[in-house]
Amino acid sequence: AQSVTQLGSHVSVSEGALVLLRCNYSSSVPPYLFWYVQYPNQGLQLLLKYTSAATLVKGINGFEAEFKKSETSFHLTKPSAHMSDAAEYFCAVISSSGSARQLTFGSGTQLTVLP
Amino acid sequence: DSGVTQTPKHLITATGQRVTLRCSPRSGDLSVYWYQQSLDQGLQFLIQYYNGEERAKGNILERFSAQQFPDLHSELNLSSLELGDSALYFCASGHPSTYEQYFGPGTRLTVT
Chain A
-19 AQSVTQLGSH VSVSEGALVL LRCNYSSSVP PYLFWYVQYP NQGLQLLLKY
31 TSAATLVKGI NGFEAEFKKS ETSFHLTKPS AHMSDAAEYF CAVISSSGSA
81 RQLTFGSGTQ LTVLP
Chain B
4 DSGVTQTPKH LITATGQRVT LRCSPRSGDL SVYWYQQSLD QGLQFLIQYY
54 NGEERAKGNI LERFSAQQFP DLHSELNLSS LELGDSALYF CASGHPSTYE
104 QYFGPGTRLT VT
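Which chain is which? The protein sequence lines are A and B, in order.
First residue of the first sequence? That's -19 in my numbering, and the numbers climb one at a time after it.
First residue of the second sequence? That's 4 in my numbering, and the numbers climb one at a time after it.
Okay, structure coming up:
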């Protein structure tokens, strides 16, 4: 079974500092990986996806993630944090068989941005 | 705005009752997925429908059922509700040619 592990349930950074949110995956097949963001009282918004093309994936709002097979990692980064980045971030892996697909999520990382 | 709509936004009901949550997918998407988000279980996949047929099943309780109608909207039925069913229920939709899933705003269910 495929799974993801997010290291650190809470991360705090200062405004303007580097954001690094960690995600490691476990998969017996090449994985399709995603990062989603959830703002308070809202649904999940897709930030970016890895689907076996380029290993460095750029997403919305200045975020990017690098797929590293040797480290089984898909960490999310942003060079300079903004107050509006404060939210919960979820890493997810998809299990797929034909048209059957389901996302398995990590436990989430709450990002706090300090002024 | 993802283009996925869910109604109602909030639902408060008593134990033992039955509720129906509704989801309309994005235009062109054939798949609808249901997820439950709770503090103790996190985000869990419940069930997927593709063009009216059940395609994948996760940790969905027997008291819960879903269906997808010819116009592709979906309903999640929760019966014999228990306090532990209180959660956020999300619907997502996706196109068969891609792997992304786009989430609706969710329905917050409170069972008292």
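Using N, Cα and C, we set each Cβ at its ideal position, and we do this for glycine too.
From which residue to which residue does the beta strand (DSSP E) around residue i run?
i, result
"residue 81 of chain A", "80 to 85"
"residue 102 of chain B", "Run containing residue 102 of chain B: none; DSSP gives neither H nor E here."
"residue 80 of chain B", "77 to 81"
"residue 55 of chain B", "Neither: residue 55 of chain B is in no beta strand (DSSP E) and is coded neither H nor E."
"residue 69 of chain B", "67 to 71"
"residue 16 of chain A", "12 to 18"
"residue 111 of chain B", "110 to 114"
"residue 18 of chain B", "No beta strand (DSSP E) holds residue 18 of chain B; DSSP gives it neither H nor E."
"residue 4 of chain A", "-1 to 6"
"residue 39 of chain B", "34 to 41"
"residue -16 of chain A", "-17 to -13"
"residue 89 of chain B", "Counting along the chain, residue 89 of chain B falls outside any beta strand (DSSP E), and DSSP gives it neither H nor E."
"residue 146 of chain A", "For chain A, the structure presents residues -19 to 95; residue 146 of chain A sits outside this window and is missing."
Report yes or no: is there a C-beta of chain B within less than 8 Å of the C-beta of residue i?
i, result
"residue 35 of chain A", "no"
"residue 70 of chain A", "yes"
"residue 40 of chain A", "no"
Taking all protein chains shown into account, decide if residue i is buried (16 or more other Cβ within 10 angstroms of its Cβ) or exposed.
i, result
"residue -14 of chain A", "buried"
"residue 19 of chain A", "exposed"
"residue 23 of chain A", "buried"
"residue 69 of chain B", "buried"
"residue 81 of chain A", "buried"
"residue 62 of chain A", "exposed"
"residue 38 of chain A", "exposed"
"residue 104 of chain B", "buried"
"residue 96 of chain B", "buried"
Against chain A, does residue i count as a neighbour if the rule is that its beta carbon must be under 8 Å from one of theirs?
i, result
"residue 5 of chain B", "yes"
"residue 104 of chain B", "yes"
"residue 46 of chain B", "yes"
So does residue i have its beta carbon nearer than 7 Å to some heavy atom of the ligand NAD?
i, result
"residue 74 of chain A", "The ligand content of the structure shown is nil, which means the ligand NAD is not present either."
Exercise for review: Run through the segment 21 to 95 of chain A for me and flag every whole beta strand (DSSP E) of 3 or more residues, listed as ranges in chain order.
Suggested key: If we require 3 residues or more, the beta strand (DSSP E) runs fully inside the segment 21 to 95 of chain A come out as 24 to 30, 36 to 38, 44 to 48, 53 to 58, 67 to 77, 80 to 85, 89 to 94.
Check your understanding: Which of the residues in the segment 76 to 89 of chain A, read from start to end, lie with their CB under 9 Å from any CB of chain B?
Key -> Across the segment 76 to 89 of chain A, CB contacts with chain B closer than 9 Å involve 76, 77, 78, 79, 80, 81, 82, 83, 84, 85, 86, 87, 88, in sequence order along the chain.
Check your understanding: If you measure beta-carbon to beta-carbon, which residues of the segment 6 to 38 of chain A are closer than 8 Å to chain B?
Key -> Within the segment 6 to 38 of chain A, the residues whose Cβ lies closer than 8 Å to some Cβ of chain B are 12, 14, 16, 22, 23, 24, 25, 26, 29, 31, listed in chain order.
Point to revise | Contact set between the segment 48 to 79 of chain B and chain A, restricted to residues whose Cβ is under 7 Å from the partner | key: So the list reads 48, 51, 53, 58, 59, 61, given in the order they occur along the chain.
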